[in-house]
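To keep things clear, I will list the structure first and then write my remarks on it.
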Amino acid sequence: MRNLVSAAFLLALGLLLAAEAGVRLFLPHGVSGRFSYGYDLQAGFVEQGNGQVKLVRAGGRRFYPQTFSYQRPPDCWRILVIGDSVPRGPNLTASYAGRLQEELSLRNIRSEVINMAIPGYGARRCQLVLRQGLKYEPNLIILHLNDSNEFEDEREYRRSLEFQGWHVKHWPMKVFIFARAYEIKTEKILWRLIPEKIRLQSAVNDADAEVRASQDQQQQRLWGDRVREVTKATVEMARNRDVPLILVTQGTIAQNNGATWNIDDGGLDELAKSLVGPGVYLLSMKQVFSRLSGIQSYFSDGAHLTRKGHEVMAQALADLISSRLAEQVALQGRAGR
Numbered sequence: 064m065r066n067l068v069s070a071a072f073l074l075a076l077g078l079l080l081a082a083e084a085g086v087r088l089f090l091p092h093g094v095s096g097r098f099s100y101g102y103d104l105q106a107g108f109v110e111q112g113n114g115q116v117k118l119v120r121a122g123g124r125r126f127y128p129q130t131f132s133y134q135r136p137p138d139c140w141r142i143l144v145i146g147d148s149v150p151r152g153p154n155l156t157a158s159y160a161g162r163l164q165e166e167l168s169l170r171n172i173r174s175e176v177i178n179m180a181i182p183g184y185g186a187r188r189c190q191l192v193l194r195q196g197l198k199y200e201p202n203l204i205i206l207h208l209n210d211s212n213e214f215e216d217e218r219e220y221r222r223s224l225e226f227q228g229w230h231v232k233h234w235p236m237k238v239f240i241f242a243r244a245y246e247i248k249t250e251k252i253l254w255r256l257i258p259e260k261i262r263l264q265s266a267v268n269d270a271d272a273e274v275r276a277s278q279d280q281q282q283q284r285l286w287g288d289r290v291r292e293v294t295k296a297t298v299e300m301a302r303n304r305d306v307p308l309i310l311v312t313q314g315t316i317a318q319n320n321g322a323t324w325n326i327d328d329g330g331l332d333e334l335a336k337s338l339v340g341p342g343v344y345l346l347s348m349k350q351v352f353s354r355l356s357g358i359q360s361y362f363s364d365g366a367h368l369t370r371k372g373h374e375v376m377a378q379a380l381a382d383l384i385s386s387r388l389a390e391q392v393a394l395q396g397r398a399g400r
């Protein structure tokens, strides 16, 4: 009997090791940063030996799959678009990033616009994407500011810290299969079945907890302060590398007494204006859409844009670039050759 137990144990151990080796050998990018939930700097960026960089869905970063050269192409503006689900758009070509490349082409400006926007990303995780993106010699970065994702940023930050370090109690979570099973248990079982009070005490949160947090004024102030401080530091990163930056401030729409529609910036315009200066520009969604009639037709919900809304944003960005940044980015492009 003991021999049977030993044999079964060894067989199970061998299968586990084989599965772990297979995952890490054949799916290395799926494992890299997998349980950092967007807080691993390089997750989703696959730098290949042929000088190409691939954006893949990995490590909590659901990039649209894209490929570009590590070094910036000559005579071409490399533009990075960073933000959350709003600039990400319904698909790669319909997003305002994709439309922007077409709009610039109509203005005889050759460009390469890379959409690095990821759903649910707040100020901290957008900053990490921007920091990594600076490696690839952008001529311009478009940073979409939205303060509605701080709950997700905080939740995923806590999850990323759960099993850091090599204390013996963390060893099982260093095995991909065990860590993935724990993740499934958390997302599919705990978040749905355990009462909210217990979830909050255990720092395990879901959409119900997000609603509760959104109603906590003190928490909202803390998150607002963090957005300001992190965004300020992000702007300085771009300035220190002499990379021009456009801050696009989110606007949300709501119907006033069941009649007219209004658009509100939630104080983001004021934040962006305080950061505008040499090499830093502002494009306000509120200002762009408030000039148009029937603004509700440009939004698919209170915050996200329809295809027509993305086209309007792309045109506004192209106008800003061609009128305010053309000379600066052209000079930078010649200096980089």
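First residue of the sequence shown? That's 64 in our numbering, and the numbers climb one at a time after it.
The C-beta atom is built at its ideal place from N, Cα and C for all residues, glycine as well.
Inclusion of Tyr100 and Glu219 in the CB contact set at 8 Å is warranted, their separation being smaller than that value. For Ser356, the number of other beta carbons within 10 angstroms of its own is below 16, and it is reported as exposed.
For Tyr100, the secondary structure class from DSSP, reduced to helix, strand or coil, is coil. With the rule of 3 Cβ pairs closer than 8 Å, the region 173 to 190 counts as touching the region 145 to 164.
Annotation: Arg188 is outside any beta strand (DSSP E); the continuous alpha helix (DSSP H) that includes it extends over Ala186 to Gly196. Under DSSP, Thr297 shares a beta bridge with no residue. For Gly340, the beta-bridge partners assigned by DSSP are Val343.
The C-alpha of Asn325 is placed about 7 Å away from the C-alpha of Asn319. Judged by DSSP secondary structure, Tyr133 falls outside any beta strand (DSSP E); it is assigned neither H nor E. Closest option to Glu166, judged by alpha-carbon separation, among Leu383, Leu388, Gln378 and Ser386: Gln378. Ala121 carries a strand assignment under DSSP once its states are collapsed to helix, strand and coil. A straight-line Cα-Cα distance of about 7 Å links Lys336 and Leu345. Here the region 121 to 140 makes no contact with the region 298 to 308; the two share fewer than three CB pairs at distances below 8 Å. The C-alpha of Leu104 is placed about 21 Å away from the C-alpha of Val176.
For the pair Gly196 and Leu143, the CB atoms are nearer than the 8 Å cut-off. Pairing Thr315 with Gly365 gives a Cβ-Cβ distance under 8 Å.
With contacts defined by Cβ atoms closer than 8 Å, Gly107 and Arg124 form a contacting pair. The residue among Ser347, Gly161, Arg354 and Gly342 with its C-alpha nearest the C-alpha of Asp305 is Gly342.
The closest CA to that of Asn202, considering only Pro307, Arg387 and Phe352, is found on Pro307. When the Cα atoms are used, Gly287 and Glu110 turn out to be separated by approximately 35 Å.
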